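Following: one structure in structure tokens, then a few remarks.
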Amino acid sequence: MTQNIKDNMEVIGADGVHVGTVDRVEGNRIKLKKSESDGFHKGHHHYIELGFVAGVEGTKVRLSANAAIAVTLEEEKSGKPVD
39 MTQNIKDNME VIGADGVHVG TVDRVEGNRI KLKKSESDGF HKGHHHYIEL GFVAGVEGTK
99 VRLSANAAIA VTLEEEKSGK PVD
């Protein structure tokens with residue numbers, strides 16, 4: 039499934055709500071575009087583990103969690119959770 043995830047695909051939660059946009063896949067994580075980070079975390083990339091991907095549907099990557107939960111699963115480059 040990883041090979042089906044392409045740059046610029048929309049990442050959505052299980053509820054269909056926008057979570058981010060794929061910058062690229064790095065190792066076992068999706069690197070999200072930094073332009074979509076907000077608040078204190080604006081201006082740098084966040085990452086989502088590939089284990090949270092439920093599937094790829096056309097041009098969208100669907101996560102197994104609703105968007106409100108998915109954003110709490112985002113990580114910093116170091117692998118630490120986003121505060």
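Offset between the sequence shown (1-based) and the numbering used here: plus 38.
Glycine included, each C-beta is placed from N, C-alpha and C at the ideal position.
Everything numeric in this text was worked out from a predicted model, so none of it was measured.
Beta-carbon contacts of A52 that lie in its chain and below 7 Å, excluding the five residues immediately before and after: Your numbering for residue 52 matches position 14 in the sequence shown. The beta carbon of A52 is closer than 7 Å to those of A92, R100, L101, S102, A103, N104 in its chain, skipping five residues each way along the sequence.
Would you tell me roughly how many angstroms separate the C-alpha atoms of T110 and V94, rounded to the nearest one? Counting from 1 along the sequence shown, the entry for residue 110 is found at position 72. Counting from 1 along the sequence shown, the entry for residue 94 is found at position 56. Cα to Cα, the separation comes out at about 21 Å.
Which of the three DSSP states, helix, strand or coil, is assigned to V109? Sequence index remark: in the sequence shown, residue 109 carries index 71 (1-based). Three-state DSSP puts V109 in a helix.
From the DSSP output, read off the bridge partner residues of T59. As a first step, residue 59 is located in the sequence shown; it is residue number 21 there, counting from the start. T59 is bridged to E48.
Leaving out the 5 sequence neighbours to the left and right, which residues in its chain are closer than 8 Å to M47 when beta-carbon positions are compared? Counting from 1 along the sequence shown, the entry for residue 47 is found at position 9. T59, V60, V94, T97, K98, V99.
Assigned exposure category for A106 - 16 Cβ within 10 Å defines buried: For the purposes of this step, residue 106 is taken as residue 68 along the sequence shown, with counting starting at 1. Exposed, by the Cβ-count rule.
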